[in-house]
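Enquirer: Starting off with a structure, shown below.
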Amino acid sequence: MSQKKRQPQNNDALTANSAGAPPSSFTPPATAAVHKVSENGPLLKKIFYASLVLMLGIIMISGYNVGFHTDEMDMDIYCKANCAYYTSGGKDTSFLGVNTNDDTRTEAIMRYYGTAFEYIPVIFNKVTGLDKQPGEYNSRHIFIQLFAVLGILFAGLIARKFGGWRYAIASAWLIFLTPEYLGAGLFNSKDIPFCAGYVATVYFIIRFLEELPTPCWKTTALLMLVFAFTTGTRIGGLMLVASLFLFILVYMVTNRQLRDTMLKNITALSLRAGAVVLGGMALVVVSWPYLLMDPLGNLSSTLSVVKKFPMRIPLNFEGIHMTALDVPPHYIPKYMSVTIPVIILLIIVIGIALAIYKLKKHNGKLAAILLFTSIFPVLYAIGSNVAIYTHWRHVLFIYPGLCVLGAVALIDIITEIPKPAVKYAIWSVCGLGLVSPVMWMIKNHPYEYSYFNELAGGYKKGYYNYETDYWKIGTKGSLEWLMEHEHAGAGSDSVTVASDMPMFIKYYLKRHYPTAKVKVVLSDLPTMYGQEWTYAIFSKEFLAPDYLEQFFPPTQTIHAEKIDNMPEVVVLKDVIRLDLQARNAFANKEYAKADSILTTYLKRDAPTNVGLYGVWALVKAYTLQNDEALRIGNLAMQYNISDFSNLNALCGMGIAFANKKEYDAAISKLQEAAALVRENPFAPGLLQQVIQLKKNAGVTP
Numbered sequence: 016m017s018q019k020k021r022q023p024q025n026n027d028a029l030t031a032n033s034a035g036a037p038p039s040s041f042t043p044p045a046t047a048a049v050h051k052v053s054e055n056g057p058l059l060k061k062i063f064y065a066s067l068v069l070m071l072g073i074i075m076i077s078g079y080n081v082g083f084h085t086d087e088m089d090m091d092i093y094c095k096a097n098c099a100y101y102t103s104g105g106k107d108t109s110f111l112g113v114n115t116n117d118d119t120r121t122e123a124i125m126r127y128y129g130t131a132f133e134y135i136p137v138i139f140n141k142v143t144g145l146d147k148q149p150g151e152y153n154s155r156h157i158f159i160q161l162f163a164v165l166g167i168l169f170a171g172l173i174a175r176k177f178g179g180w181r182y183a184i185a186s187a188w189l190i191f192l193t194p195e196y197l198g199a200g201l202f203n204s205k206d207i208p209f210c211a212g213y214v215a216t217v218y219f220i221i222r223f224l225e226e227l228p229t230p231c232w233k234t235t236a237l238l239m240l241v242f243a244f245t246t247g248t249r250i251g252g253l254m255l256v257a258s259l260f261l262f263i264l265v266y267m268v269t270n271r272q273l274r275d276t277m278l279k280n281i282t283a284l285s286l287r288a289g290a291v292v293l294g295g296m297a298l299v300v301v302s303w304p305y306l307l308m309d310p311l312g313n314l315s316s317t318l319s320v321v322k323k324f325p326m327r328i329p330l331n332f333e334g335i336h337m338t339a340l341d342v343p344p345h346y347i348p349k350y351m352s353v354t355i356p357v358i359i360l361l362i363i364v365i366g367i368a369l370a371i372y373k374l375k376k377h378n379g380k381l382a383a384i385l386l387f388t389s390i391f392p393v394l395y396a397i398g399s400n401v402a403i404y405t406h407w408r409h410v411l412f413i414y415p416g417l418c419v420l421g422a423v424a425l426i427d428i429i430t431e432i433p434k435p436a437v438k439y440a441i442w443s444v445c446g447l448g449l450v451s452p453v454m455w456m457i458k459n460h461p462y463e464y465s466y467f468n469e470l471a472g473g474y475k476k477g478y479y480n481y482e483t484d485y486w487k488i489g490t491k492g493s494l495e496w497l498m499e500h501e502h503a504g505a506g507s508d509s510v511t512v513a514s515d516m517p518m519f520i521k522y523y524l525k526r527h528y529p530t531a532k533v534k535v536v537l538s539d540l541p542t543m544y545g546q547e548w549t550y551a552i553f554s555k556e557f558l559a560p561d562y563l564e565q566f567f568p569p570t571q572t573i574h575a576e577k578i579d580n581m582p583e584v585v586v587l588k589d590v591i592r593l594d595l596q597a598r599n600a601f602a603n604k605e606y607a608k609a610d611s612i613l614t615t616y617l618k619r620d621a622p623t624n625v626g627l628y629g630v631w632a633l634v635k636a637y638t639l640q641n642d643e644a645l646r647i648g649n650l651a652m653q654y655n656i657s658d659f660s661n662l663n664a665l666c667g668m669g670i671a672f673a674n675k676k677e678y679d680a681a682i683s684k685l686q687e688a689a690a691l692v693r694e695n696p697f698a699p700g701l702l703q704q705v706i707q708l709k710k711n712a713g714v715t716p
């Protein structure tokens, strides 16, 4: 029999089909006779593909000009550097430390990312000239949106194998109507392409297993290509190798007849499995400059970095301020439980439970593949302490598989219910359960990924306990408002704008407001007093919950981009800048003047600028207002704005205690300050002075 016409063997690997049955006919025996025509007929197939076309239209229209983020900019610049490596014949190695648009250097950590997806929009934009146009990122987003729908397509094709197109349709809409997935599908160039590649690889693994003991070369080649794309996008794709070999072993162990046949054809099977892994990895290496320089050594270092991500990214979780290296084991499950619509969450939980219950029954191995590829990565991430941050986007790739399991359970349950009224009731509950999240997404577009469900208390409670607009997409709207309403930089004099997103703002101004005279400086909200600026644009992300509740938005706010009527990114204006006047007076040792200005500024004009409390404590100590210095210093430490603010607060309290001749307390505070910022000589100098004062006073230890 030729390779083209051969049918999968009756190996009981995935289904209970009779030999020669089409590989897509996975209808349960109990309902096959009733549903065979309708489940796999042309109508439902057309509905499935029409749904995909509709989804693509929705996501492309709604995703136009939604904005972009610095992570995407980093990946775009890094991919361009990778392209330069090839076009220069390997001479250009700027990908190891890429110059960015704001004249800084991208973190060296970028080399550990693959750019298999990034090559597509980067090369397209280069060929069409869009890389020099204002719409460069709109073009990129079209490809991201396409991959978001491709991920749904392959999930649907997997679902169909459980019994027909109804499973595929249900799976597709469960995925699409999930805010985290839909929001990411607008512009997330990191997680969406990997997710699509991961699901496609799982699909072709299933096809590979269907064709055991000797899968056809077409299936083998397609599996190799999608595996290479997935791993070339993110090195975590290597876990799919384990899935492939694990389930080959499972089929051998659980089916004696198949095992005997596989052993007889072990050479052919080994060639095909080897082609998938070795061929796929060869493609990964040649398309990833860092790996190409030293395949084994740099692959090892890449895996090490992925396992122990070195960056201490701040975040809020359950109302606690922490870093990505400190998240608790339940971080991923908890985030999923509060950001997936409750009705979909319930369907998924039921789907997992029924899949586990039916592992030894019909389609058990197919369910086992989805369970393993959807749950094991999370268990591995928890067990290995992998750094996770910004919701559960890093494990977005497991979600389509979970939705497939949920859809299968939903369809099976409804199918087995004899009374039409009960069937309609279940569908009605599902539909009503989706009304609220869908309306929220429409109202708060393009912030779909910031959705929080009823288990979190809705968005307004999640606002203080979790990260919301973690991509800071609201910066675009804030900048456009500033340019249109304040006409910043339109006059003869330049204006300075401070922001925690300077890279984005510089790029956006250059492409969309090229004549504006605007200088952009890096700052964040709590330490905004450290820069000279007239306007500032700040996000609430990474701010401690207590700070958010008490001091956000700041009193200088003239505009706010909002999600669900809660301020997310704010525009500030301050043309007087009493805070800088106070700092200048302090630098000139005019402490009384500095105290007067700060008192006016912090009590009347900017009571939310608590980042100055550390300096204020110092000023109070230098003006011998010791009790006030201790009070304000303690407040500064409670707010914990920055190490620099804490340093000033501790030094101010140390001086105040010394003024009161409480030398032990003074030494304790100054020792704490010296240990806080070791490279700063201020605290050690004060410490030595206080120790000397203690000796001069004749106080013995």
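In my numbering, the protein residues as written are 16 to 716. Positions of the beta carbon are idealized from the N, C-alpha and C atoms, including for glycine.
#1: Could you pull the DSSP bridge partners for A513 from this structure?
#2: Can you list, in chain order, the residues of its chain with a C-beta nearer than 7 Å to that of T614? Leave out the 5 residues immediately preceding and following it.
#3: Please list, in chain order, all residues of the same chain as G448 whose beta carbon is under 6 Å from its beta carbon, the five residues on each side excluded.
#4: How far does the alpha helix (DSSP H) with N711 in it reach, from first residue to last?
#5: Sort L627, K525 and F519 by Cα distance to L537 and report the nearest one.
#6: Going by the beta-carbon positions, is the gap between A636 and L662 smaller than 8 Å?
#7: Apart from the five residues just before and just after L627, which ones in its own chain have a Cβ nearer than 7 Å to its Cβ?
#8: If you draw a straight line from the alpha carbon of D610 to that of Y654, how long is it in whole angstroms?
#9: If you reduce the DSSP assignment to three classes, tell me which class N744 lands in.
#10: If we count the other Cβ atoms within 10 Å of its Cβ and call it buried at 16 or more, is D309 buried or exposed?
#11: Using the three-state DSSP reduction, which class does A383 fall into: helix, strand or coil?
#12: Return yes when the Cβ of A471 is within less than 8 Å of the Cβ of V14, no when it is not.
#13: Can you look up H741 in the DSSP assignment and give me helix, strand or coil?
#14: Hey, how far is the Cα of T405 from the Cα of S103?
#15: With distances taken Cα to Cα, identify the nearest neighbour of L67 among L227, P392, F162 and E499.
#16: Run through the DSSP bridge pairs and tell me what E576 is partnered with.
#17: Below 8 Å between beta carbons: does that hold for L238 and L273?
#18: For my contact list, T570 and T623 are in at a C-beta cut-off of 8 Å; report their separation, rounded to the angstrom.
#19: Can G629 and A651 be called in contact, C-beta distance under 8 Å?
#20: Can you tell which of D206, G334, P433 and H409 has its C-alpha closest to the C-alpha of A559?
#21: Does Q160 pass the burial test, meaning 16 or more other C-beta atoms within 10 Å, or should it be called exposed?
#22: Taking only three categories from DSSP, how would you classify Y469?
#23: Looking at L307: is its Cβ nearer than 8 Å to the Cβ of V301?
#24: Applying the 10 Å Cβ sphere with the 16-neighbour rule, what's the burial state of N468?
#25: For the alpha helix (DSSP H) that contains G446, what are its first and last residues?
#26: Identify which residue in F63, I135 and T85 has its Cα closest to the Cα of N97.
#27: Measure the C-alpha to C-alpha separation of L701 and K710 and round it to an integer number of angstroms.
#28: Can you say whether E482 is buried or exposed, counting buried as having 16 or more other CB atoms within 10 angstroms of its CB?
#29: State the Cα-Cα distance for the pair V137 and D146, rounded to the nearest angstrom.
#30: Can you tell me the Cα-Cα spacing of P582 and D539, whole angstroms?
#31: Give the secondary structure of H527 by DSSP, where H, G and I count as helix, E and B as strand, and everything else as coil.
#32: Apart from the five residues on each side of it in sequence, which residues of its chain come closer than 8 Å, Cβ to Cβ, to L708?
#33: Which same chain residues, not among the five before or five after Y462, have their C-beta less than 8 Å away from its C-beta?
#34: Applying the 10 Å Cβ sphere with the 16-neighbour rule, what's the burial state of E547?
#35: Which same chain residues, not among the five before or five after V718, have their C-beta less than 7 Å away from its C-beta?
#36: For T245 versus V291, is the C-beta spacing smaller than 8 Å?
Expert: On the basis of the data shown:
#1: Numbered from its first residue, the sequence shown carries residue 513 at position 498. In the DSSP secondary-structure assignment, A513 is bridged to V536 and A551.
#2: Along the sequence shown, one-based indexing puts residue 614 at 599. Excluding its 5 nearest sequence neighbours in each direction, T614 has no C-beta neighbour in its own chain below 7 Å.
#3: Within the sequence shown, numbered from 1, the residue matching residue 448 stands at position 433. Excluding positions up to five away in sequence, the list reads I358.
#4: As a working note, residue 711 is residue 696 in the sequence shown. First-last of the alpha helix (DSSP H) with N711: F697 to N711.
#5: Your numbering for residue 537 matches position 522 in the sequence shown. Nearest of L627, K525 and F519 to L537, Cα basis: F519.
#6: Within the sequence shown, numbered from 1, the residue matching residue 636 stands at position 621. Within the sequence shown, numbered from 1, the residue matching residue 662 stands at position 647. For A636 and L662, no; Cβs fall outside 8 Å.
#7: Position 612 of the sequence shown, counted from the first residue, corresponds to residue 627. The answer, listed in chain order, is Y544, D594, L613 and L617.
#8: Mapped onto the sequence shown, residue 610 falls at position 595. Mapped onto the sequence shown, residue 654 falls at position 639. If I take the Cα positions, the gap works out to 20 Å.
#9: Only positions 16 to 716 of the chain appear in this structure, which leaves residue 744 out of reach.
#10: What you label residue 309 is simply residue 294 of the sequence shown in a count that begins at 1. With fewer than 16 Cβ atoms within 10 Å of its Cβ, D309 is classed as exposed.
#11: For this step, residue 383 is matched to residue 368 along the sequence shown. Of the three classes helix, strand and coil, the one that applies to A383 here is helix, per DSSP.
#12: Absent from the structure is residue 14, since the part of the chain shown begins at 16 and ends at 716.
#13: Within the shown structure, residues of the chain are numbered from 16 to 716, placing residue 741 beyond reach of any answer.
#14: Taking the sequence shown and counting its residues from 1, the one referred to as residue 405 is at position 390. Taking the sequence shown and counting its residues from 1, the one referred to as residue 103 is at position 88. Between T405 and S103, the C-alpha separation is close to 37 Å.
#15: Taking the sequence shown and counting its residues from 1, one reaches residue 67 at position 52. Considering only alpha carbons, the answer is F162.
#16: Taking the first residue of the sequence shown as 1, we reach residue 576 at position 561. E576 is bridged to V584.
#17: Translated into positions along the sequence shown, residue 238 becomes position 223. Translated into positions along the sequence shown, residue 273 becomes position 258. Contact: no.
#18: Start at 1 with the first residue of the sequence shown, and residue 570 comes out as number 555. Start at 1 with the first residue of the sequence shown, and residue 623 comes out as number 608. Their Cβ separation, rounded to whole angstroms, is 5 Å, which keeps T570 and T623 in contact under 8 Å.
#19: Taking the sequence shown and counting its residues from 1, one reaches residue 629 at position 614. Taking the sequence shown and counting its residues from 1, one reaches residue 651 at position 636. In this structure, A651 lies closer than 8 Å to G629 by Cβ.
#20: Working through the sequence shown from its first residue, we reach residue 559 at position 544. Residue G334 is the option with its Cα nearest to A559.
#21: Counting from one through the sequence shown, the residue named residue 160 turns up at place 145. Buried.
#22: The residue you call residue 469 lines up with position 454 of the sequence shown. Per the sequence presented here, residue 469 reads as Glu, with Tyr not at that position. Three-state result, E469: helix.
#23: Against the sequence shown, residue 307 aligns to sequence position 292. Against the sequence shown, residue 301 aligns to sequence position 286. Yes; because the gap between Cβ atoms is below 8 Å, this pair is in contact.
#24: Residue numbering aside, residue 468 sits at position 453 when the sequence shown is read from its first letter. Looking at its Cβ environment, which holds 16 or more other Cβ atoms inside 10 Å, N468 is buried.
#25: Here residue 446 refers to the residue found at position 431 of the sequence shown. Element bounds for G446: P435 to K458.
#26: As a working note, residue 97 is residue 82 in the sequence shown. If you compare the alpha carbons of F63, I135 and T85 with that of N97, the shortest gap goes to I135.
#27: For the purposes of this step, residue 701 is identified with residue 686 of the sequence shown, where counting begins at 1. For the purposes of this step, residue 710 is identified with residue 695 of the sequence shown, where counting begins at 1. C-alpha separation (whole angstroms): 14 Å.
#28: The residue labelled residue 482 in the question sits at position 467 within the sequence shown. E482 comes out buried.
#29: If you number the sequence shown from 1, residue 137 lands on position 122. If you number the sequence shown from 1, residue 146 lands on position 131. Going by the C-alpha atoms only, they are around 8 Å apart.
#30: Here residue 582 is taken as the residue at index 567 of the sequence shown, counted from 1. Here residue 539 is taken as the residue at index 524 of the sequence shown, counted from 1. C-alpha separation (whole angstroms): 16 Å.
#31: Against the sequence shown, residue 527 aligns to sequence position 512. In the structure shown, H527 sits in a helix (DSSP, three-state: H, G or I).
#32: Position 693 of the sequence shown, counted from the start, is the residue given in the question as residue 708. Taken in chain order, the residues that qualify are A673 and Y678.
#33: Counting from one through the sequence shown, the residue named residue 462 turns up at place 447. So the qualifying residues of the chain are G198, T483, D484, I488, G489, I578 and E583.
#34: Along the sequence shown, one-based indexing puts residue 547 at 532. E547 comes out exposed.
#35: Residue 718 lies beyond the stretch modelled for the chain, which goes from 16 to 716, so this question has no answer here.
#36: Working through the sequence shown from its first residue, we reach residue 245 at position 230. Working through the sequence shown from its first residue, we reach residue 291 at position 276. Taking 8 Å as the Cβ cut-off, T245 and V291 do not qualify as a contacting pair.
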